Amino acid sequence: MGDEEVLLEVTNGHLNTGLRGVPVGTCRTSFVTPTEGVHYCGYPIKELTNFSPEDIVYLLFNKELPNSQQSADMRADLAKRAQIPGDLVAVFRTLPKYGHPMDWLSVAIHTIGMWETTGDWKEDAMNLIARMPRIMGLMYRVREGRDEDIPADDTSLSMVQRFASTLDLDEIDNDKMERVIATYLVLHMDHGGGNLSTFTGKAIASSKATVYSAIAGAMNALSGPLHGRANQSCLEFVLKIGTSDPVEVERFVRGELAEKRPIFGFGHAVLRSEDPRATVQFALGEEICPDDENFKIIRTLREVAPRVLAENPKISNPNANVDIASGALLHHVGLEDPTYYTTFFGWARVMGIGAQIVDERTIFRNGKGTPLYRPKYYAEQQTLRHVE
Ligand code: AMX
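If you want it as structure tokens, here you go:
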């Protein structure tokens, strides 16, 4: 597009709408279409689900899928960067256990940034990505009061295996857990340039604050119930339904709508069909836990809710979104407390947001980087006056 091309005529009606639909910039890592959902560097997400999270990190930073050597090099690079440069367990021990895990995650990222920031955008982003599995595992353990005898971090393992081995839960099918988390990470890494947490991270980085400050801020944005925390609400909603009987589920859905409460896991601002990320997770659930009670509930919801929601013509997309299935799958593999679910979303987004920050700071505008964010606000109800 040429510099003079008109992209949008901004009217009064655009004000105070949260920049909805207002063009702001460009994004090299992903885009979202109403029918195919998110694409990473051009690839529809459903074609990427058999790649490892490490390979998708390579894709987001290099804009190409890795060959086997590049894939091995990426793993070796992450292993080299993995060690957390301070005693995170000691910091976690000082935090209130009732604090939300997203707040713990944000504190952890900020703290690591205080211990060590190189000032090089890509170095810092890659260092943080490499440390996330251990941060996640330690957060879980300390918050659950399991802060003794923590296994050493075996950096030769994959990112997901490092998390699972730090967590070290008894009576868990580790292979299943790793499969669910790896799929989860790949599906959630990036979602265009304008979602709130990504936008927030890039806005903070535009002040040349550190990657750690920018991503801690992005995690705070993600923690809100209208953004990342929807996945926590979704499983809480499924647990509340408590039955997979279609008649009961339909009664429940209608009751929630009558009370003006949202049907979690359905609807989307951009998509106009079922989110492929939901489709992928349903297929995974059919394979690994078709008889799980929560999975049976979401299977029924997937049949019932779109039909009921479609009765309201105001609802642009009555179909399942990404959040419908992830909670049931995480619950099935032993991660039963939904208050942690947004931290998995955060873990995934550290990779996408990290890649987007690196693009904005080091590539855009011929390497000069996007300038300090400064959208325009008009004064409202502020007539000029003077102190008497
Ligand atoms: N349940 C009940 N009402 C819904 C609904 C749902 N699942 N989806 C849409 N609606 C309502 C909206 O609240 C809105 O009502 P209003 O006019 O009274 O404000 C109306 O239908 C039109 O909404 P829309 O244009 O179709 O969608 P939107 O862009 O305003 O909202 C979303 C999108 C996701 C917030 C909405 O579909 C919703 O609240 N879904 C349930 C919560 C959920 O699953 N959130 C996770 C979304 C995925 C994600 O981003 N993580």
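According to my numbering, the sequence shown is numbered sequentially starting from 5.
Cβ coordinates follow ideal geometry from the N, Cα and C atoms, glycine included.
Only a predicted model underlies this, so the values are computations on that prediction, with no experimental measurement involved.
Same chain, Cβ closer than 7 Å to residue i, neighbours up to 5 away in sequence not counted
{"i": "isoleucine 49", "result": "Gly41, Val42, His43, Leu191, Pro280, Arg281"}
{"i": "glycine 338", "result": "Leu173, Ile176, Met181"}
{"i": "lysine 300", "result": "Ser248"}
{"i": "lysine 101", "result": "Arg147"}
{"i": "arginine 32", "result": "Lys67, Asp363"}
{"i": "asparagine 323", "result": "Phe270, Ser277, Glu278, Pro310"}
{"i": "isoleucine 319", "result": "Gly271, Leu313"}
{"i": "valine 26", "result": "Leu12, Val14, His18"}
{"i": "asparagine 235", "result": "Asp327, Ser330, Gly331, Tyr345, Thr346, Phe349"}
Close-in-space but distant-in-sequence residues of the same chain around residue i (CB under 8 Å, 5 per side omitted)
{"i": "isoleucine 361", "result": "Trp125, Ala129, Gly205, Lys206, Ala209, Val215, Ala218, Ile219"}
{"i": "valine 284", "result": "Ile49, Lys50, Thr53, Thr187, Leu191"}
{"i": "leucine 189", "result": "Pro57, Ile60, Met163, Val164, Phe348, Trp351, Ala352, Met355"}
{"i": "isoleucine 404", "result": "The question about residue 404 has no answer here: the residues shown for the chain are numbered 5 through 392."}
{"i": "glycine 149", "result": "Lys101"}
Own chain partners of residue i with C-beta closer than 6 Å, once the 5 adjacent residues on each side are dropped
{"i": "glutamate 58", "result": "Met78, Arg79"}
{"i": "isoleucine 113", "result": "Tyr216, Ile219, Ala220"}
{"i": "leucine 200", "result": "Ala225, His231"}
{"i": "alanine 309", "result": "Val257, Ile267, Phe270"}
{"i": "alanine 134", "result": "Leu82, Arg85, Ala86"}
{"i": "serine 24", "result": "Reading off the sequence shown, one finds arginine at residue 24, where the question assumed serine. There are no such residues."}
{"i": "aspartate 296", "result": "His336"}
{"i": "asparagine 321", "result": "Gly271, His272, Leu275, Arg276"}
{"i": "tryptophan 119", "result": "Pro89, Gly90"}
Per-residue DSSP class, three states only, for residue i
{"i": "proline 48", "result": "strand"}
{"i": "phenylalanine 35", "result": "strand"}
{"i": "phenylalanine 299", "result": "helix"}
{"i": "phenylalanine 270", "result": "strand"}
{"i": "histidine 43", "result": "strand"}
{"i": "alanine 86", "result": "coil"}
{"i": "valine 391", "result": "coil"}
{"i": "glutamate 278", "result": "coil"}
{"i": "lysine 180", "result": "helix"}
{"i": "tyrosine 216", "result": "helix"}
{"i": "tyrosine 345", "result": "helix"}
{"i": "leucine 286", "result": "The sequence as given places phenylalanine at residue 286; leucine does not occur at that position. It is helical."}
{"i": "asparagine 20", "result": "coil"}
{"i": "aspartate 5", "result": "The sequence given here has methionine at residue 5, not aspartate. Correct three-state label for methionine 5: coil."}
{"i": "serine 248", "result": "coil"}
{"i": "serine 305", "result": "First, the amino acid is wrong: residue 305 is leucine here, not serine. Helix."}
{"i": "proline 137", "result": "helix"}
{"i": "aspartate 194", "result": "coil"}
{"i": "asparagine 224", "result": "helix"}
{"i": "tyrosine 144", "result": "helix"}
{"i": "threonine 98", "result": "coil"}
{"i": "asparagine 131", "result": "helix"}
{"i": "histidine 104", "result": "coil"}
{"i": "serine 330", "result": "helix"}
{"i": "serine 75", "result": "helix"}
{"i": "threonine 204", "result": "helix"}
{"i": "phenylalanine 55", "result": "coil"}
{"i": "tyrosine 377", "result": "coil"}
{"i": "leucine 230", "result": "coil"}
{"i": "proline 310", "result": "helix"}
{"i": "aspartate 81", "result": "helix"}
{"i": "valine 93", "result": "helix"}
{"i": "glutamate 254", "result": "helix"}
{"i": "threonine 15", "result": "coil"}
Residue closest to residue i, alpha-carbon to alpha-carbon, out of the options
{"i": "lysine 372", "options": "Lys212, Thr387, Ile302", "result": "Lys212"}
{"i": "phenylalanine 473", "options": "Leu11, Met140, Gly29", "result": "In the structure as shown, the chain starts at 5 and stops at 392, and residue 473 therefore has no counterpart that could be examined."}
{"i": "arginine 138", "options": "Leu12, Ser330, Thr347", "result": "Thr347"}
{"i": "glutamate 263", "options": "Phe270, Arg255, Gly269", "result": "Arg255"}
{"i": "aspartate 179", "options": "Ser162, Gln74, Pro342", "result": "Ser162"}
{"i": "isoleucine 302", "options": "Gly25, Ala332, Leu376", "result": "Ala332"}
{"i": "valine 93", "options": "Val36, Gly46, Ile154, Glu120", "result": "Ile154"}
{"i": "asparagine 20", "options": "Ser237, Pro379, His390, Ala329", "result": "Pro379"}
{"i": "alanine 76", "options": "Tyr62, Val391, Asp295", "result": "Tyr62"}
{"i": "histidine 335", "options": "Asn298, Thr159, Ala383, Val14", "result": "Asn298"}
{"i": "proline 89", "options": "Leu99, His104, Gln73, Leu132", "result": "Leu132"}
{"i": "aspartate 107", "options": "Ser330, Gly358, Thr343, Glu384", "result": "Thr343"}
{"i": "aspartate 151", "options": "Asp91, Arg389, Gly103, Gly289", "result": "Asp91"}
{"i": "leucine 261", "options": "Tyr377, Glu315, Glu307", "result": "Glu315"}
{"i": "alanine 329", "options": "Ile185, Ser169, Ala359", "result": "Ile185"}
{"i": "histidine 195", "options": "Leu109, Arg233, Thr37, Glu120", "result": "Thr37"}
{"i": "valine 274", "options": "Asn325, Asn370, Val251", "result": "Asn325"}
{"i": "phenylalanine 35", "options": "Leu142, Leu243, Met193, Arg365", "result": "Met193"}
{"i": "leucine 305", "options": "Leu142, Cys238, His104", "result": "Cys238"}
{"i": "alanine 222", "options": "Phe241, Val111, Asp7, Thr159", "result": "Val111"}
Identity of the residues DSSP links to residue i by a beta bridge
{"i": "alanine 324", "result": "Phe270"}
Residue i CB to nearest heavy atom of ligand 3 below 7 Å
{"i": "histidine 272", "result": "Looking for ligand 3 in the displayed structure turns up nothing; the ligands present are ligand 1."}
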